[in-house]
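Residue numbers (the UniProt record's numbering): 1 to 315.
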Amino acid sequence: MTEEFKLRIFTEPQQGATYDDLLRVARTAEAAGYDAFFRSDHYLRMGDSSGLPGPTDAWLTLAGLARETSRLRLGTLMSAATFRLPGPLAVSVAQADQMSGGRIEFGLGSGWYEEEHTAYGIPFPPLKERFQRYSEQLEIITGLWATPEGETFDYSGTHYRISDSPALPKPVQRPRPPVLIGGGGKKRTPELAARFADEFNLPFVDQETAAAQFERVGRACAEIGRDPAEVVRSAALVLCVGKDEAQVARRAEAIGRDVTELRANGLAGTPAEVVDRIGQWRRNTGVTRLYLQVLDLSDLDHLELVASEVASRLD
């Protein structure tokens, strides 16, 4: 893997995984040479999965992994702004960054999955209010981290007010850990990304959709005088790679997906096919990072195959 282009592992533990399962995946990813380990931030399974033995908290997980890995970047795609208050969240992420020696990346979204809010007693405001809270949280969290030591931070918004905060603790990375924003909104999301994002991520879309949204983000950056090249472009795609057709089919069956659909919408097939597919994504969208959604967390050979037979062929 080159410094310019990176492959990252992305997990969905709400579908059914313990911390130990995630630790095995993270250690395998680190040993295999992947750049990062990311996880979703959800409390309820989706689809037909049992979700057993139940959810794990994203930031507790990353804090644990911070002490049990040494090189991997660690982050969320994406934490929901509905889940946590901005001040305590800033503390948690800064502490995890300290625990990792400065390897945390902070993905934040507005929150969208109503059923998990109902299941765990989390308020779920209408979309307009969720987006307002999301925007204010970005202002508060980045503002707290950027406040010089010895000074205080104040904020007065529609939904949050902060007065005379010492704005501590500070993350290791200064002025802050990288901030990831994503989503398909055509106006407000690009505007928010232009103001706050170090990276813009699009999950599970086609190349044409991704390219169009990246261009919107670029225009929003230009409108406020920011160089669009400062925002890293990335995408998340489901992974299903096999050394031959039989292995591809077995891995697709293990995650309950159709091989033809995976080939059309994800990174699926033999290593040579997937190398070609990644090349298309890079040429057509300008992405420099791909998040590989790994759904069968017991199949560690899958990660090792992709590292040895796909990543090694990327220039």
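All C-beta atoms in this analysis are idealised placements derived from N, C-alpha and C, irrespective of residue type, glycine included.
- Taking the C-beta atoms as reference points, P203 is found nearer than 8 angstroms to A236.
- By the Cβ test, the region 226-241 is in contact with the region 286-296, since at least three Cβ pairs between them sit closer than 8 angstroms.
- When rounded, the separation of the alpha-carbon atoms in K187 and T118 is 29 angstroms.
- Beta-bridge partners assigned by DSSP to R233: F200.
- Counted as a single uninterrupted DSSP element, the beta strand (DSSP E) harbouring T11 occupies residues K6 to T11.
- In the structure shown, the three-state DSSP call for V25 is helix.
- Taking 3 residues as the shortest admissible run, the region 54-107 contains the following complete beta strand (DSSP E) segments, listed from N- to C-terminal end: 73-76.
- About 19 angstroms separates the Cβ atoms of F106 and P190, ruling out a contact at the 8 angstroms cut-off.
- Annotated as distal: R39 and L60, with beta-carbon spacing of 8 angstroms or more.
- Under the three-state reduction of DSSP output, A167 falls in the coil class, being neither helix nor strand.
- In this structure, the CA atom of F124 is about 25 angstroms from the CA atom of G143.
- Of the candidates L72, V287 and P55, V287 places its Cα closest to the Cα of F200.
- Q132: member of the alpha helix (DSSP H) spanning L127 to A146, first to last residue.
- Looking at Q137, E68, S70 and T69, the one whose alpha-carbon comes closest to that of V91 is Q137.
- Secondary structure of Y291 (DSSP, three-state): strand.
- I278 sits in a helix when the DSSP states are folded into three classes.
- Here the region 107-116 lies against the region 77-87, with 3 or more beta-carbon pairs under 8 angstroms apart.
- In the DSSP assignment, R39 falls within the beta strand (DSSP E) that extends over A36 to R39.
- For T69 against L303, the beta-carbon gap comes to about 14 angstroms, at or over 8 angstroms, which does not count as contact.
- Annotated three-state conformation of D20 is helix, per DSSP.
- L314 carries a coil assignment under DSSP once its states are collapsed to helix, strand and coil.
- A residue is called buried once 16 or more other Cβ atoms fall within 10 Å of its Cβ, and D227, having fewer, is exposed.
- Distance from the Cα of S135 is smallest, within the candidate group V274, Y120 and A197, for A197.
- Sequence-distant Cβ neighbours of V231 in its own chain, meaning closer than 8 angstroms and more than five residues away, are A193, A194, A197, D198, E199, F200, V217, G218 and C221.
- In this structure, the beta-carbon distance from A36 to L74 falls below 8 angstroms.
- In this structure, V274 is the residue among V274, S298, L44 and N284 with its C-alpha nearest to the C-alpha of E309.
- Within the same chain, and ignoring the five residues on either side of A63 in sequence, the residues whose Cβ sits closer than 6 angstroms to its Cβ are A96 and M99.
- The alpha carbon of E245 has as its nearest neighbour, out of R263, A229 and G256, the alpha carbon of R263.
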